[in-house]
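S.K.: If you're matching them up, the sequences are chains A and B in order. Numbered per the UniProt record's numbering, the first sequence finishes at 219, counting up by one with no gaps. Numbered per the UniProt record's numbering, the second sequence finishes at 224, counting up by one with no gaps.
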Amino acid sequence: MWKWDVVWQVMPDILNGLVVTLEAVAGGMVLALLLGLLWAVMRRSKSHYISWPAWGVVEFVRSTPLLVQLFFVYYVMIDIVGRGFSPLMTGILVLGVHYSCYTAEVYRAGLDGIARGQWNAAKALNLTPYQTYRYVILPQAIPPILPNLGNYLIAMLKEAPLLSTITVLEILNEAKIFGNEHYRYLEPLTIVGVLFILLSLLAGLSVEWLRKRTAAMTS
Amino acid sequence: MSNLPPPLDLLPFLLEGLWITVIITLGGCAVAIGMSVLFGVWSKSTDPILRWLSAIYITVFRGASALILLYWFYFAMPELTNIRLDAITTGILVLGANVGAYGAEVVRASLEAIPKGQYQAAAALNLSRWQTMRYVIFPQAILSMIPPFGNLMIELLKGTALVSTITVADLTLQGKFLRDDTHRSFEIFGLLLVIYFLLSMTITGVFRLLEHRHSQGRDYGGGN
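1) Can you tell me whether G91/A is helix, strand or coil according to DSSP?
2) At least one CB of chain A closer than 7 Å to the CB of R51/B: is that the case?
3) Would you say R208/B reaches chain A, if we count a Cβ-Cβ gap shorter than 7 Å as a contact?
4) In chain E, which residues lie with their C-beta within 9 Å of the C-beta of S185/B?
5) Do you know how far the Cα of I80/A is from the Cα of S36/B?
6) Assuming contact is defined by CB atoms lying nearer than 7 Å, are Y102/B and L50/B in contact in what I supplied?
7) Have a look at V57/A, V97/A, I114/A and flag the residue whose alpha-carbon is nearest the alpha-carbon of I145/A.
8) So with Cβ pairs under 7 Å, would you call W19/B a contact of chain A?
9) With respect to the alpha helix (DSSP H) encompassing residue 229/B, which residues constitute its N-terminal and C-terminal limits?
10) Does the stretch 26-34 of chain A come into contact with the stretch 187-202 of chain A, if we say contact requires no fewer than three beta-carbon pairs (one atom in each stretch) closer than 8 Å?
11) Within 10 angstroms of its Cβ, does V168/A collect 16 or more other Cβ (buried), or is it exposed?
12) Using the beta-carbon count (16 or more within 10 Å), is G223/B buried or exposed?
13) Could you work out which residue in F207/B, S215/B, R184/B, S200/B is closest to L11/B when comparing CA atoms only?
14) Just to confirm my understanding: we take K212/A, look at its own chain, exclude 5 residues before and 5 after, and list those with CB closer than 7 Å. What are they?
15) Where does the unbroken alpha helix (DSSP H) through D180/B begin, and where does it stop?
16) When Cβ atoms are compared, which residues of the stretch 141-154 of chain A fall closer than 8 Å to chain B?
17) Compute the Euclidean distance between the alpha carbons of residue 220/A and D9/B, then round it to the nearest angstrom.
18) With a threshold of 7 Å between beta-carbons, can L67/A be considered close to chain B, or not?
19) Just to check my reading of the structure: T103/A and L193/B have Cβ atoms closer than 8 Å, yes? What is that Cβ distance to the nearest angstrom?
20) Is the separation between the beta-carbon of A169/B and that of G34/B shorter than 7 Å?
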């Protein structure tokens with residue numbers, strides 16, 4: 001049955017783990033936002049040597065499990081390269097690359113929504129491709145897709161507990177370690193579950209708020 | 001092992017886990033579709049209790065993250081209730097319920113997209129609530145559900161890799177065993193990624209076919 005003293009005992013560990021989870025998500029998020037934009041812009045290139053690899057990476061990564069991708073990078077680094085990144089860095093890298101393939105599709109939808117005239121006008125003004133994206137296209141394409149980007153960041157938050165499988169001391173791993181030591185899983189795992197539900201509710205509300213704001217801004 | 005050239009010599013051992021991955025995907029798929037339809041329809045019910053149940057289910061099974069749910073039902077639930085399910089059953093039920101929570105939203109959105117006039121026409125014909133759903137609303141809503149369900153089934157397939165963490169010897173755990181024995185990480189996990197990719201492509205193909213079948217003879221005139 002439920003024991004409150006176990007709750008107070010495990011709470012500090014879980015909060016430490018939560019901080020690590022949030023660090024991983026924050027790092028992965030920055031990587032996913034930048035790399036996703038790169039894939040999306042590459043896919044619009046006229047050269048097949050640029051657009052096809054981007055397409056291939058996005059399709060392949062989205063169709064395979066994050067867990068196996070984590071194992072791939074983590075164990076290849078250990079077995080072939082020797083010791084490489086720390087587990088947390090590996091986790092951030094894999095989360096970031098994995099979700100960049102989802103954000104790429106979101107950016108793509110945003111870029112497709114820009115009227116042809118905008119590209120033509122930029123060309124008429126003799127802007128370079130960089131200037132076209134930086135000053136004409138992205139300022140129009142990004143605000144309306146912010147809520148969709150936000151949804152993938154919530155999805156990333158929900159998959160971050162997978163980092164426990166490559167020994168990152170994040171929230172789920174802390175709960176598991178406590179469980180193994182005290183033969184008691186009920187309280188640690190329930191707290192982690194409830195915390196996660198609260199976090200994703202909170203994140204969902206923020207995205208909803210963002211959606212209303214951007215809708216007001218763009219209309 | 002076998003006398004195939006590397007890395008294919010690793011395949012026979014890896015494929016021993018394929019069967020379990022397929023079983024969990026198919027079982028989870030059945031659970032997910034059942035849960036999606038049940039809670040999706042309940043979320044549009046006139047009964048506030050059913051609507052609340054559906055909201056709670058969706059919040060809990062979407063919000064708590066698949067791996068945490070899997071651990072909770074496998075390690076924590078027996079301490080609370082003395083019910084211990086075996087790992088494969090836990091995997092099928094939990095992953096199915098997790099994906100089903102996303103599916104319930106798909107069903108709800110598809111039901112909301114059906115014009116009100118269809119419900120009124122059914123009422124005018126004196127159809128019961130069950131008949132309205134069964135003969136009027138669902139056949140129309142199903143077409144817009146197929147593509148998002150295809151994506152969810154790919155999410156489910158990818159999610160099955162998680163059962164390796166509760167000791168189910170699926171494709172991923174076989175790979176992990178083999179890696180611990182041989183340390184040929186690049187080949188083993190590379191092969192696993194390719195196998196999962198092919199499985200995903202199969203699901204995409206099946207759902208394309210379903211979509212094609214269900215759109216036969218339909219009029220996409222737009223309008224109402």
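Just so you know, even glycine gets a beta-carbon here, dropped at the ideal spot from N, CA and C.
M.R.: This is what the structure gives:
1) Within the first sequence, the letter at position 91 stands for residue 91/A. Three-state DSSP puts G91/A in a helix.
2) Residue numbering aside, residue 51/B sits at position 51 when the second sequence is read from its first letter. Not one chain A Cβ lies under 7 Å of R51/B.
3) Taking the first residue of the second sequence as 1, we reach residue 208/B at position 208. Taking Cβ atoms only, chain A never reaches closer than 7 Å to R208/B, which makes this a no.
4) No chain E appears in this structure, whose protein chains are A and B.
5) For the purposes of this step, residue 36/B is identified with residue 36 of the second sequence, where counting begins at 1. For the purposes of this step, residue 80/A is identified with residue 80 of the first sequence, where counting begins at 1. Those two C-alpha atoms are separated by around 44 Å.
6) Within the second sequence, the letter at position 102 stands for residue 102/B. Within the second sequence, the letter at position 50 stands for residue 50/B. No.
7) As a working note, residue 145/A is residue 145 in the first sequence. Looking at the Cα atoms, I114/A is the closest of the given residues.
8) Looking up residue 19/B in the second sequence gives position 19. No, its Cβ sits nowhere closer than 7 Å to a Cβ of chain A.
9) Residue 229/B cannot be examined here, being either before or after the span of chain B that is shown, 1 to 224.
10) no
11) In the first sequence, counting from the first residue as 1, residue 168/A sits at position 168. It counts as buried.
12) As a first step, residue 223/B must be located in the second sequence, where it is residue number 223. With a pLDDT of 44 at G223/B, under the threshold of 50, the modelled position of this residue cannot be trusted; read the value that follows with caution. Exposed.
13) For the purposes of this step, residue 11/B is identified with residue 11 of the second sequence, where counting begins at 1. Minimum Cα distance to L11/B is reached at R184/B.
14) If you number the first sequence from 1, residue 212/A lands on position 212. Within the same chain, K212/A has no close Cβ partners at all.
15) Taking the first residue of the second sequence as 1, we reach residue 180/B at position 180. Element bounds for D180/B: 171-182.
16) none
17) Chain A is shown only over 1 to 219; residue 220/A falls outside these bounds and no answer can be derived.
18) Within the first sequence, numbered from 1, the residue matching residue 67/A stands at position 67. Chain B, which has a Cβ nearer than 7 Å to the Cβ of L67/A, makes this yes.
19) Numbered from 1 along the first sequence, position 103 holds the residue referred to as residue 103/A. Numbered from 1 along the second sequence, position 193 holds the residue referred to as residue 193/B. Rounded, the Cβ-Cβ distance is 20 Å, inconsistent with contact.
20) Translated into positions along the second sequence, residue 169/B becomes position 169. Translated into positions along the second sequence, residue 34/B becomes position 34. For A169/B and G34/B, no; Cβs fall outside 7 Å.
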